[in-house]
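Asker:
Residue numbers (the numbering used here), protein chains in the order written: chain A, 4 to 373; chain B, 4 to 373; chain C, 4 to 373; chain D, 4 to 373; chain E, 4 to 373.
#1: For residue 286 of chain D, go through chain E and note every residue whose CB falls closer than 8 Å to its CB, in chain order.
#2: When you compare the CB positions of residue 48 of chain E and residue 75 of chain E, do they come within less than 8 Å of one another, or not?
#3: Examine chain D for any beta-carbon lying closer than 8 Å to the beta-carbon of residue 83 of chain A, and answer yes or no.
#4: Does residue 71 of chain C come out as helix, strand or coil in the three-state DSSP assignment?
#5: In whole angstroms, what separates the C-alpha of residue 290 of chain D from that of residue 289 of chain A?
#6: What number of angstroms, rounded off, separates the C-alpha of residue 300 of chain B from the C-alpha of residue 364 of chain E?
#7: Compute the distance between the beta-carbons of residue 204 of chain D and residue 226 of chain D, then report whether it is under 8 Å.
#8: Of all the options C:135, C:222, C:258, C:167, which has the alpha carbon lying nearest to the alpha carbon of residue 57 of chain C?
#9: Who are residue 55 of chain E's beta bridge partners in DSSP?
#10: Please report the distance separating the alpha-carbon of residue 312 of chain A from that of residue 348 of chain B.
#11: Please report whether the beta-carbon of residue 328 of chain E lies at a distance below 8 Å from any beta-carbon of chain C.
#12: Any beta carbon from chain E within less than 8 Å of residue 334 of chain D's own beta carbon?
#13: Rounded C-beta distance between residue 80 of chain B and residue 43 of chain B? I'm assuming under 8 Å.
#14: I'd like to know whether the C-beta of residue 300 of chain E is nearer than 8 Å to at least one C-beta of chain C.
#15: Counting only C-beta atoms, is residue 309 of chain D closer than 8 Å to chain A at any point?
#16: Does any residue of chain C have a CB that is nearer than 8 Å to the CB of residue 49 of chain E?
#17: At a Cβ threshold of 8 Å, is residue 249 of chain A touching chain D?
#18: Answer yes if the region 245-254 of chain E comes into contact with the region 327-346 of chain D, meaning at least three C-beta pairs across the two stretches below 8 Å, and no otherwise.
#19: Counting only beta-carbon atoms, is residue 304 of chain B nearer than 8 Å to chain F?
#20: If you drop the 5 nearest sequence neighbours on each side, which residues of the same chain put their C-beta closer than 8 Å to that of residue 245 of chain C?
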């Protein structure tokens with residue numbers, strides 16, 4: 004059974020029967036939130052002088068907060084609160100399509116440039132028995148970063164800690180550095196998954212010959228599929244970081260470009276690793292099939308040997324089991340009446356068996372190769 | 004049986020035995036319309052101030068309409084009306100080759116630049132049990148867009164709605180934006196097909212081991228073929244959008260270039276998805292063959308075990324079925340007269356069977372692996 | 004058997020033991036003409052004012068003809084007349100290597116730039132049961148085009164007709180446009196071949212399961228080989244058109260460059276189609292092998308079932324065919340004397356057969372999958 | 004069993020819960036040294052006037068040494084002395100992440116640029132029954148080079164000798180040339196491994212048909228795996244040398260750039276060789292499988308021949324072993340009472356066997372093809 | 004057995020324990036010449052006014068010769084004379100590494116730029132039952148070209164003839180044109196080999212079905228190996244010609260660059276041909292395996308048919324061969340005493356055999372497909 008829990012691709016929503024593209028009107032078309040889970044919305048502000056984090060209950064709190072801190076990060080953990088998202092969209096003048104994309108978790112990673120903000124979709128890597136992804140939507144503005152996490156449970160705990168500790172580079176830079184830190188965290192989420200896949204491949208190789216065929220094949224198939232999905236989730240991030248680092252995007256400063264280039268390298272490395280493991284998995288299955296082929300050959304040789312040795316003997320004993328009437332004619336099986344008939348037959352059969360076995364021995368069939 | 008209903012490639016018509024290339028002369032060489040279906044010809048005009056749509060019955064109506072509206076879109080739905088097409092060609096001074104290409108539905112997508120208009124052929128994606136395409140021919144002029152749809156049934160309903168609603172971007176831009184909207188609609192037509200293919204692959208993977216071999220193989224073959232055809236229909240669109248967005252074509256404004264670049268990304272994404280699914284289909288068939296191989300191994304092991312166990316026993320019972328005349332000689336099968344001859348033989352055979360089975364058990368052949 | 008009638012590659016003639024490279028000396032080294040067929044040499048002149056075509060019997064006629072017409076096209080149909088070729092070489096100062104290349108039909112397409120002319124070798128595509136090529140050599144000068152066709156039978160009938168009709172673009176342009184028209188005709192010669200290959204692939208797919216294995220395999224092999232040869236014949240043409248359209252070659256005017264770029268697209272399209280069909284052929288053979296594999300599995304299952312059911316039964320009937328002397332001992336096969344011995348054995352065998360068949364049924368082996 | 008002794012990829016340490024990134028604080032987070040082996044720390048200084056090498060016991064010795072020699076090379080052989088590394092980090096102001104990377108031997112080769120030094124990780128190639136790598140970390144500063152070798156045992160003996168001999172180019176150049184010499188030594192470490200792999204492939208090909216299947220398959224699998232790992236260890240070095248030679252890195256002089264370009268070629272050549280050998284290994288296994296396939300065919304033909312010849316004969320002898328009561332009816336097996344019954348049956352069987360064998364002979368099955 | 008007579012790769016000699024890199028010192032480290040064959044050293048001088056060729060016995064003769072002729076070509080045919088090579092190195096100030104490379108025949112083709120000369124290693128293609136290469140080392144200076152040929156026997160006879168004839172372009176150009184002529188000769192040496200490989204492939208395809216499996220497989224393996232080695236020998240030459248034609252190398256004049264670009268095309272063509280033939284060889288083996296697969300299917304069908312027909316019959320005859328005591332019970336095989344028992348059994352068996360055969364006939368198994 005396939006273990007893809009999420010659709011890779013969802014049909015882009017058609018947006019043609021909606022009269023106006025004013026942000027306020029978005030409320031009417033945003034689909035019912037796919038995950039009505041309890042969500043946790045936080046607002047974090049920081050600057051060279053420190054940081055503060057509060058729960059965001061009301062949009063009106065943002066204005067005062069934004070005045071106080073150079074960079075404000077609004078994080079919505081879970082996709083359960085459509086109203087809040089719409090209020091934010093109204094406040095910051097976000098495009099309606101952006102809102103739709105946030106609540107449609109079937110997108111591949113992408114970057115879109117708008118007049119005064121950048122919008123990007125990323126995929127956090129998870130591994131809960133099977134490879135899964137969590138969609139991260141991020142809106143990057145001059146002074147504000149808004150992130151939407153598909154699943155409850157904070158994926159950016161480490162970023163938060165670095166801000167709170169208030170000593171790292173992060174507090175001296177602007178919102179673009181925060182965006183970099185989040186992208187970096189997303190890319191880093193793939194390393195543990197790679198480690199798990201590596202361990203599975205190692206385990207497979209260790210238990211190669213003792214496992215059953217269908218198990219080995221099924222597991223390698225699952226790993227190859229996981230790597231394919233992983234590749235399709237991380238590869239676009241590489242392109243996003245290239246665009247962020249090299250295009251003249253308004254919000255990105257030169258200083259942060261430098262760090263983004265590092266992200267680009269990392270994304271490329273993850274992609275290369277996924278291809279590397281795919282090659283190993285491919286080699287494994289090829290080797291398995293070669294073993295299995297060699298094994299089948301041995302089985303067939305055994306069958307052929309047994310058959311070739313016994314079929315002539317069975318013929319002979321069948322021959323002397325015929326009931327020709329010896330009294331009716333002297334030509335009818337006179338051997339049966341010979342004094343040494345039986346011993347001769349026995350010895351003949353022994354000789355035949357030995358001859359056939361010798362032939363097989365010379366052909367080298369007796370070496371067990373499995 | 005192949006499910007390609009349309010030829011992929013039709014031989015380009017030779018145009019050498021026609022005396023003049025004046026548009027009016029085209030009437031004599033245009034082939035009989037391939038689809039003599041009832042057709043529906045509409046003329047739509049729009050601008051910032053509103054829009055109007057009428058059925059186009061007579062070419063003479065166009066002039067007045069064109070004066071009234073900044074952009075006029077003439078849509079011929081179905082290829083049944085050659086005369087109309089020729090009248091349009093005369094009116095707008097279209098090349099005769101353009102006319103021929105419109106009525107030849109075997110083309111791959113392409114873009115041709117003429118002096119005062121662009122001509123392009125696109126392929127709308129359909130899925131009616133098998134993947135199919137509808138040829139869309141478009142002539143893009145300064146103020147007029149003419150489209151020919153191969154099959155009756157409007158594929159551009161959404162574009163029409165956006166125009167009628169008169170509020171979207173579409174009404175503020177020129178004819179090039181309309182062309183963009185049509186190209187976008189064509190590319191979007193592939194997403195539902197991708198979704199269908201994805202569902203089929205998922206279903207195949209779910210019913211992998213319970214389906215019959217030929218069914219699995221046939222379905223994967225069909226999917227791979229569909230993806231190949233789909234790829235050949237969408238890939239040229241990518242090149243067309245590159246040319247439209249980057250070449251200095253007279254009709255295309257810079258503003259629309261920006262949107263065309265989005266089309267380019269979308270076309271690339273569809274292409275990448277089709278390759279991605281092709282890889283999944285390839286993995287599926289490889290895994291199926293590996294299972295089937297492993298399965299065949301099991302079958303052969305069973306055959307070999309049964310044969311190896313019973314052939315020696317059959318030999319033994321055959322042996323004592325021989326009719327050597329015990330009265331003629333004491334050497335002739337004296338075992339048959341022993342007191343415990345029969346039980347000894349039975350026990351020996353049991354011992355032999357057990358020994359052989361133990362050998363197989365040690366080889367691990369008893370584990371059912373299928 | 005291979006169906007390549009022509010060598011793909013012929014060893015380049017060594018030209019080192021010839022003292023001078025004066026064109027007149029060429030006569031001594033040109034190899035015996037490979038095809039001493041009756042040949043047909045025509046001379047055609049044309050310009051905006053009309054055209055004329057005469058049979059070329061004597062070189063001296065060319066001078067007057069050239070004065071009369073802006074463009075002169077000398078076409079030698081068949082490689083039987085070496086003297087004529089040498090006279091032409093002398094007249095126009097052609098390199099000796101050019102002459103050699105014309106008469107060596109084993110070349111791949113290529114373009115060579117000389118001081119005052121361009122020399123190119125092309126391959127016309129033919130299909131006479133198998134894919135074949137006809138070598139077309141063309142010398143393009145300021146006002147003269149000379150073509151050599153390997154096989155008798157005019158391949159450029161259409162070009163000729165366009166000239167004669169005297170209305171097309173061809174008569175207004177110079178010799179470079181004629182060269183373009185010839186290249187275009189060569190590339191177009193591949194479309195009908197593609198169509199034939201497509202039909203063969205369709206037919207193969209339709210008769211997949213009813214044809215014999217070796218037939219299917221042999222035909223796909225032939226098609227793949229044809230496509231490979233076709234690819235190697237058309238791909239260099241793509242490079243030639245690139246060089247003609249983009250390099251600053253003296254004879255090519257900017258106006259013609261534009262048309263050559265179209266040739267380039269066409270050559271690329273043929274190449275892509277050949278790769279596309281190669282992929283389809285590859286998929287077909289993979290699918291055939293998968294079917295055949297699945298088929299073999301079924302055959303082996305049948306064999307295994309029959310053997311597994313009957314071998315134990317045969318053992319039992321063999322057992323009671325033994326001739327132990329029941330009178331010698333009460334332990335010797337007393338079953339044979341039981342009242343219900345025979346029915347019990349029959350029923351036991353029936354039970355065994357049913358049990359084994361039930362086991363196979365549970366394993367799902369009874370479903371016919373082929 | 005897999006022979007990768009080292010993990011290919013280790014999860015990057017998270018560095019977020021550490022308050023300050025001051026080098027001194029590194030002591031608290033550096034992981035326990037993976038190899039608590041006796042280590043050997045040397046300090047070498049050289050210049051155009053000569054060279055000196057001393058064991059480094061105390062950091063304080065460095066200052067005087069650095070004043071005396073233009074270039075100082077500190078080499079720590081083994082990763083057992085974390086304190087020393089931390090002292091060096093404090094002395095030269097190295098980033099804490101650098102220290103972590105040095106002691107984490109699971110990295111792929113990489114280059115990192117810091118404000119006043121370059122940090123790179125390389126992989127020395129070793130071959131101790133299986134392919135292995137030794138991590139080499141290098142910090143390149145204006146006048147100082149620090150190297151960490153994962154395993155005890157000097158890998159840079161040759162570099163050291165060249166310095167001591169004091170005549171080569173190395174003594175006239177700066178620290179960047181020393182870095183080049185070390186990178187060169189690392190790349191050269193792969194050549195003997197390539198030679199070993201080449202010999203193994205040759206040996207495999209020589210013993211192809213006499214070795215057992217699982218052995219051949221296992222060895223080719225091991226070689227392919229080795230080549231894959233080797234490739235992943237050397238390929239990034241190619242990128243590192245590109246960056247070193249072409250980027251405007253502060254420490255690298257133009258003169259050394261020239262030599263680094265040579266390294267780049269060498270790294271590319273090793274990579275190409277590894278791909279070349281991988282192709283050979285792939286060809287070998289394909290050929291092996293083809294042989295094995297052909298072999299299996301022969302085995303099956305033998306089985307089929309033996310079975311096809313003897314099964315009808317066994318049927319016949321079984322037929323005349325039936326016990327129909329000839330006294331009860333004249334129709335019950337009268338053949339048994341014929342005068343020449345037995346000879347006729349014998350001759351018939353001989354005829355049948357000959358006929359079947361003749362049929363096989365005509366089919367060409369008697370040729371031994373294995 | 005592998006037919007590579009030469010190692011593909013030899014470990015680069017370590018040159019670190021040698022005190023000085025002065026050319027004179029080379030004598031002490033140059034390895035014993037691998038081929039102590041009689042060698043033939045010639046010195047050829049030429050210019051627009053003529054040419055002269057003498058045997059080179061003493062280095063001192065070179066000076067006078069060089070004054071007389073604009074270009075001097077020193078050719079050492081065979082690697083037996085190390086002293087001469089060293090004298091030349093001293094005379095022209097060649098690097099010691101160059102000398103080492105000349106006498107190490109395990110190099111891949113390469114180009115190295117030195118201050119006042121270019122050094123390149125090429126591989127002449129030979130075919131003496133198996134594909135082989137001869138290493139050609141060339142040192143190209145302003146007025147002098149030195150070549151070393153690995154094997155006795157002049158490979159540059161044609162070049163020599165062109166010089167002697169004193170009429171070709173070669174005598175008007177400088178030493179760089181001579182280098183071009185030599186590279187051209189090296190590349191041309193691959194064409195006859197390609198022709199041989201082509202003939203072998205054709206022969207294989209012709210004798211496909213009549214040859215034994217192992218022979219076909221072995222020959223294709225050999226051809227693929229040859230093509231791989233050939234590719235690795237010619238591909239670097241392509242890069243060398245690119246560098247020579249496009250880099251601003253001091254010795255190469257613009258005029259010669261033009262010819263080198265032709266070499267580049269030729270090298271690319273050889274490479275493409277080698278890939279083309281590799282594809283054909285790959286197709287051949289795939290087709291062979293498909294045939295063999297289909298063949299195996301037929302064999303198994305035959306086995307299954309024979310077994311399926313006779314096993315039930317054998318069971319029946321075995322059944323009536325049982326010795327149940329008919330006198331002990333009326334239930335014991337009363338059939339044996341029936342009047343028509345035997346005919347009924349015979350007819351039943353015939354019916355069973357016919358039924359089974361009819362079943363196979365309906366399945367289409369009787370068609371011979373091999």
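Here a beta-carbon is modelled for each residue, glycine too, at the ideal position from N, C-alpha and C. Predicted model only: the values in this text are computed from it and were never measured.
Answerer: In this structure, then:
#1: Numbered from its first residue, the fourth chain carries residue 286 of chain D at position 283. The contact set of residue 286 of chain D on chain E, defined by CB atoms closer than 8 Å, consists of 224, 227, 228, 231 in chain order.
#2: For the purposes of this step, residue 48 of chain E is taken as residue 45 along the fifth chain, with counting starting at 1. For the purposes of this step, residue 75 of chain E is taken as residue 72 along the fifth chain, with counting starting at 1. Contact check for residue 48 of chain E against residue 75 of chain E passes: the beta carbons are separated by less than 8 Å.
#3: Here residue 83 of chain A refers to the residue found at position 80 when the first chain is read from its first residue. It does not: the Cβ of residue 83 of chain A has no partner Cβ on chain D nearer than 8 Å.
#4: On the third chain, position 68 is the one that residue 71 of chain C refers to. Three-state DSSP puts residue 71 of chain C in a helix.
#5: On the fourth chain, position 287 is the one that residue 290 of chain D refers to. On the first chain, position 286 is the one that residue 289 of chain A refers to. For residue 290 of chain D and residue 289 of chain A, the distance between alpha carbons rounds to 14 Å.
#6: Taking the second chain and counting its residues from 1, the one referred to as residue 300 of chain B is at position 297. Taking the fifth chain and counting its residues from 1, the one referred to as residue 364 of chain E is at position 361. In a straight line, the C-alpha of residue 300 of chain B is about 27 Å away from that of residue 364 of chain E.
#7: In the fourth chain, residue 204 of chain D corresponds to position 201, counting from 1. In the fourth chain, residue 226 of chain D corresponds to position 223, counting from 1. In contact: residue 204 of chain D and residue 226 of chain D (Cβ atoms closer than 8 Å).
#8: Walking along the third chain from the start, residue 57 of chain C turns up at place 54. That would be C:167, whose Cα lies nearest to the Cα of residue 57 of chain C.
#9: Working through the fifth chain from its first residue, we reach residue 55 of chain E at position 52. Under DSSP, the beta-bridge partners assigned to residue 55 of chain E are E:48.
#10: As a first step, residue 312 of chain A must be located in the first chain, where it is residue number 309. As a first step, residue 348 of chain B must be located in the second chain, where it is residue number 345. Residue 312 of chain A and residue 348 of chain B: Cα-Cα distance of roughly 21 Å.
#11: Along the fifth chain, one-based indexing puts residue 328 of chain E at 325. It does; some Cβ of chain C falls within 8 Å.
#12: Taking the first residue of the fourth chain as 1, we reach residue 334 of chain D at position 331. Under the Cβ distance rule, residue 334 of chain D counts among the residues neighbouring chain E, one pair being separated by less than 8 Å.
#13: For this step, residue 80 of chain B is matched to residue 77 along the second chain. For this step, residue 43 of chain B is matched to residue 40 along the second chain. Sure, about 4 Å apart at Cβ, within 8 Å.
#14: Locating residue 300 of chain E in the fifth chain gives position 297, counting from the first residue. Chain C places a beta carbon closer than 8 Å to that of residue 300 of chain E, counting this residue as a contact.
#15: For the purposes of this step, residue 309 of chain D is taken as the residue at position 306 of the fourth chain. So, interface residue.
#16: Position 46 of the fifth chain holds residue 49 of chain E. It does not: the Cβ of residue 49 of chain E has no partner Cβ on chain C nearer than 8 Å.
#17: Taking the first residue of the first chain as 1, we reach residue 249 of chain A at position 246. For residue 249 of chain A, the answer is no, since every Cβ of chain D falls outside 8 Å of its Cβ.
#18: Segments in contact, no.
#19: Going by chain labels, chain F is absent from the structure shown, which instead holds the protein chains A, B, C, D and E.
#20: On the third chain, residue 245 of chain C is found 242 positions in, with the first residue counted as 1. Take residue 245 of chain C, set aside five residues on each side of it, and the residues of its chain with a beta-carbon closer than 8 Å to its own are 267, in chain order.
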